[in-house]
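**Q**
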Amino acid sequence: SEIRRIQKDSSKSENDESENEEEQLVHEYIKKWDVLKLPNGYLLWETAKELIIELAEIEIPVSDSYGRDLLKQYHAAPEDKRDIIILYILPSLCCKRGRGKCIGYVPSVQEARKFFILHVTVNNYVPGDLKSAIKRHRTHLNTIGVRLQPILIVVGQTIANISATYVQIDGVRYKPRTPVAALDACLKAYYALDAVYPQECKAVWYFVQQYFYNLYLKEDENISRVTSLISSLKGLA
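Below, the structure is given as structure tokens:
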């Protein structure tokens, strides 16, 4: 099948990634796999993002100081810099811990954010910096026994001043036109690869899948926080 074939090929690209990584337009990847031709759920983004911010103002607690600071950065940022800040806010919403007793492993907001988006901070960016950052991230994952899954990568000294957005899929790096297009491509890559969302940020990805794409699968994990968040957003609409 296509999924088996791409999984087999991906192991080779992982081994050769240091030599073979290239920036490519993501549509060159998408057009190869029918599973990626899902409706563009990110088209809902423009109407939903203000609702997300409205709910974040209510839901993000004072104890999440970084989440609160992101809200301040959002309101101060120019329009073309706001989308990436919203993506960074999502873990604060999706991974907010309830007051009841937690059963099993519950990742922190910081862990979720780190696994959802790789932020490469550089003063004077050169292409080698990005490759080195990805290599360090991959090495870190290897030390904890986790494979690198499709991931969003942003480059910039601060989240409010991002200069480039990428999607890393196995050993290949793609450069979508916008952060939201990168989110769209990254989600679709999970389906093309039949990949599993990282444990640390699975709540964020389930939220993106179910809220923006209205895509519910029988094998989906039921995360009460995600269900509650989607219900709250629909109530604000």
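Quick note on the UniProt record's numbering: the sequence shown kicks off at 1 and runs consecutively. By construction, the Cβ of each residue, glycine as well, lies at the ideal position given by its N, Cα and C atoms.
Under DSSP, the alpha helix (DSSP H) around Ala189 begins and ends at which residues?
**A** Start and end: 179-192.
**Q** Could you compute how far the alpha carbon of residue 282 sits from the alpha carbon of Tyr66?
**A** Not covered by the structure: residue 282. The range shown for the chain is 1 to 237.
**Q** Would you identify the three-state DSSP class for Val172, choosing helix, strand or coil?
**A** Correct three-state label for Val172: strand.
**Q** For Thr165, which of His75, Asp83, Ser92, Lys218 has the nearest alpha-carbon?
**A** Among His75, Asp83, Ser92, Lys218, the Cα nearest to that of Thr165 is on Asp83.
**Q** Could you name the residues of the same chain whose beta carbon sits closer than 6 Å to that of Asp129, not counting the 5 residues immediately before and after it, in chain order?
**A** Excluding positions up to five away in sequence, the list reads Val122.
**Q** How would you label Glu50, buried or exposed, when you count the other beta carbons within 10 angstroms and need 16 or more for buried?
**A** It is exposed - the Cβ of Glu50 has fewer than 16 other Cβ atoms within 10 Å.
**Q** Counting only the same chain and skipping the five closest in sequence on each side, list residues whose C-beta sits under 7 Å from that of Glu54.
**A** Leu236, listed in sequence order.
**Q** Drop a sphere of 10 angstroms on the beta-carbon of Asn20, count the other beta-carbons inside from all chains shown, and report buried for 16 or more, exposed for fewer.
**A** Summary for Asn20: the model assigns pLDDT 44, below 50, so the residue's position carries little reliability, and this model does not support an answer.
**Q** What first and last residue would you give for the alpha helix (DSSP H) that runs through Val226?
**A** First-last of the alpha helix (DSSP H) with Val226: 224-236.
**Q** Name the DSSP beta bridge partners of Ala164, please?
**A** Per DSSP, Val155.
**Q** With the cut-off set at 9 Å, would you say Ala195 and Ala189 are in Cβ contact?
**A** Yes, these two residues count as a Cβ contact at 9 Å.
**Q** How far does the beta strand (DSSP E) with Ile117 in it reach, from first residue to last?
**A** Segment 117-120, the beta strand (DSSP E) holding Ile117.
**Q** Classify Arg177 as buried or exposed, calling it buried when 16 or more other Cβ atoms lie within 10 Å of its own Cβ.
**A** So Arg177 ends up on the exposed side.
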